[in-house]
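Trainee: First the structure, then my questions, so here it is.
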Amino acid sequence: MAESLILIEHDRQQVKRTSLHAITLTRQLGGEYALLVLGHGLDGIAASLVSYGASAVVVADDPALTEPLADRYATVIAGSGAKARRNDYLGNFLDL
Amino acid sequence: MKILVPFKSVPDPNDATVAGAAVSTPKSVINPFDEIAIEEALRIRERGEVSEVVGATIGPPAVDEQIRAALAMGVDRAIRIDDSRALDPYAVARILGALVEKEAPHVVIMGKQAVDDDSNQVGQMLAGLLGWPQATFVSKIEFLDKTRVRCTRETDAGLEVVEVNLPAIITTDLRLNEPRYVSLPGLMKARRKPIEILTCDQLGINVRPLTTVLSVARPPKRAAGTRVESVEELITKLKQEAKVL
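These protein sequence lines map, in sequence, to chains W and A.
Each position in the first sequence, counted from 1, maps to that position plus 525 in the working numbering.
Each position in the second sequence, counted from 1, maps to that position plus 318 in the working numbering.
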């Protein structure tokens with residue numbers, strides 16, 4: 526079981542840089558981690574996430590998730606965390 | 319229809335003494351983003367799209383001064399949740415959630431963040447706790463009918479237009495409007511408007527902060543710049559002192 530779940534942000538083409546910062550931070554904290562990506566039409570982005578050393582890449586791909594709306598995303602993120610009983614959530618807000 | 323506007327008392331960000339002597343206590347004001355929320359709620363009422371604007375805040379009796387200011391702007395009535403503890407955003411969101419259940423407003427409009435702690439969390443948490451839709455960082459609000467509101471959001475990528483079903487949470491950005499000045503008749507009227515005092519017990523909730531602020535410090539001071547006489551001197555300094563060349 527992964528200890529941390531990292532929410533991956535993307536612009537529909539590629540992963541945002543801030544998510545890479547989150548991955549680096551998790552590595553420094555130690556322990557296994559899983560990556561969670563939400564959206565629609567995520568094949569390319571999901572494939573690019575395989576090489577980041579995560580124990581799992583969780584892909585929530587659905588037309589309802591095309592636009593990043595807080596209420597829908599929060600429901601999916603909370604659900605995926607509860608299922609795996611994760612300890613930490615790492616996300617990011619600002620695209621620095 | 320009714321709008322609830324929660325607001326927070328913060329140290330006046332325009333008070334010059336804040337940056338200077340540490341001994342002075344800056345006066346408190348309504349958080350500027352919340353003031354924009356109050357203004358917008360009043361404009362919506364003045365357009366006849368809602369009939370009542372209710373203000374709410376959390377704090378000791380001292381914040382009644384900011385409540386009077388909100389009433390003087392034109393808020394119809396106000397509620398103060400009497401609690402002088404240092405509450406974190408989750409505790410605030412839970413208190414406001416209980417208040418929303420009691421007041422049953424159609425819309426909650428509030429500032430996107432408070433200028434004292436810049437948390438930017440309460441609106442989102444409140445929406446999550448209530449299971450209501452949310453539109454954050456809003457710079458334009460249009461009531462389409464009694465069930466839908468169209469909001470323009472200011473995002474990093476540009477303006478995003480969302481439509482939310484009511485009831486909903488809307489958090490305001492700076493460019494939504496310019497708050498009105500308080501008029502003398504407004505001040506006189508405000509004295510007669512009711513302030514209802516409630517406690518967490520009366521709301522039937524027991525909150526305790528999940529996060530604790532350990533310390534607050536000013537950012538390290540930057541040394542003053544120096545004037546150089548020539549381009550050559552500048553390049554020498556950049557090479558030898560700043561080591562950027």
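Ideal Cβ placement from N, Cα and C applies to all residues, glycine included.
Pull out every residue of the segment 434–447 of chain A whose Cβ sits closer than 9 angstroms to any Cβ of chain W, in chain order.
Mentor: Flagged, chain order: Asn438, Gln442, Ala445 and Gly446.
Trainee: Only counting the same chain, and skipping five residues up and downstream in sequence, which positions put a Cβ closer than 6 angstroms to that of A/Ala339?
Mentor: Stepping through the second sequence from its first residue, residue 339 of chain A is reached at position 21. Low confidence applies here, because A/Ala339 scores a pLDDT of 46, under 50, leaving its location unreliable and the question unanswered by this model.
Trainee: Quick one: give me the first and last residue of the beta strand (DSSP E) that A/Ile488 is part of.
Mentor: Counted from its first residue, the second sequence places residue 488 of chain A at position 170. Segment Ala486 to Thr490, the beta strand (DSSP E) holding A/Ile488.
Trainee: Compute the distance between the beta-carbons of A/Leu494 and A/Ile354, then report whether it is under 8 angstroms.
Mentor: The count along the second sequence starts at 1 and reaches residue 494 of chain A at position 176. The count along the second sequence starts at 1 and reaches residue 354 of chain A at position 36. Their beta carbons are under 8 angstroms apart, which means A/Leu494 touches A/Ile354 by this criterion.
Trainee: Classify A/Glu496 as helix, strand or coil using the three-state DSSP reduction.
Mentor: One-based indexing of the second sequence puts residue 496 of chain A at position 178. If DSSP states are grouped into helix, strand and coil, A/Glu496 belongs with coil.
Trainee: Can you grab the Cα-Cα spacing for the pair W/Gln539 / W/Ile570, in whole Å?
Mentor: In the first sequence, the residue the question calls residue 539 of chain W occupies position 14. In the first sequence, the residue the question calls residue 570 of chain W occupies position 45. In a straight line, the C-alpha of W/Gln539 is about 6 angstroms away from that of W/Ile570.
Trainee: Quick one: does A/Gln452 have its CB under 8 angstroms from some CB of chain W?
Mentor: Start at 1 with the first residue of the second sequence, and residue 452 of chain A comes out as number 134. Chain W contact via Cβ: present.
Trainee: For a test of the three-state rule: what should DSSP assign to A/Gly366, helix, strand or coil?
Mentor: What you label residue 366 of chain A is simply residue 48 of the second sequence in a count that begins at 1. Coil, per DSSP.
Trainee: Between A/Asn524, A/Lys507, A/Ala542 and A/Arg386, which has its C-alpha nearest A/Ile513's C-alpha?
Mentor: Looking up residue 513 of chain A in the second sequence gives position 195. Answer by Cα proximity: A/Arg386.
Trainee: Listing by chain order, which chain A residues have their CB less than 7 angstroms from the CB of W/Ala599?
Mentor: Residue 599 of chain W sits at position 74 when you count from the first residue of the first sequence. The answer, in chain order, is Gly446.
Trainee: What are the partner residues of W/His535, as DSSP defines its beta bridges?
Mentor: By 1-based counting over the first sequence, the position of residue 535 of chain W is 10. For W/His535, which the question treats as bridged, DSSP gives the partners W/Val540.
Trainee: Of all the CB atoms in chain W, is at least one closer than 8 angstroms to the CB of A/Ser327?
Mentor: Counting from 1 along the second sequence, the entry for residue 327 of chain A is found at position 9. By this cut-off, A/Ser327 is not an interface position.
Trainee: Use the C-beta contact count for A/Ile348: other C-beta atoms within 10 angstroms, 16 or more gives buried, fewer gives exposed.
Mentor: Here residue 348 of chain A corresponds to residue number 30 of the second sequence, with the count starting at 1. A/Ile348 is buried by the Cβ-count criterion.
Trainee: Compare the C-alpha of A/Val531 against each of A/Phe351, A/Ala404, A/Asp330 and A/Lys326 and name the closest.
Mentor: As a position in the second sequence, residue 531 of chain A is number 213, starting the count at 1. It is A/Ala404.
Trainee: What separation, rounded to the nearest whole angstrom, lies between the Cα atoms of A/Gln442 and A/Glu559?
Mentor: For this step, residue 442 of chain A is matched to residue 124 along the second sequence. For this step, residue 559 of chain A is matched to residue 241 along the second sequence. Answer to the nearest angstrom: the Cα atoms are 47 angstroms apart.
Trainee: From the beta carbon of W/Asp568, is the nearest beta carbon of chain A less than 8 angstroms away?
Mentor: Counting from one through the first sequence, the residue named residue 568 of chain W turns up at place 43. W/Asp568 does not count as touching chain A.
Trainee: According to DSSP, is A/Pro350 part of a helix, a strand, or is it coil?
Mentor: Position 32 of the second sequence, counted from the first residue, corresponds to residue 350 of chain A. It is helical.
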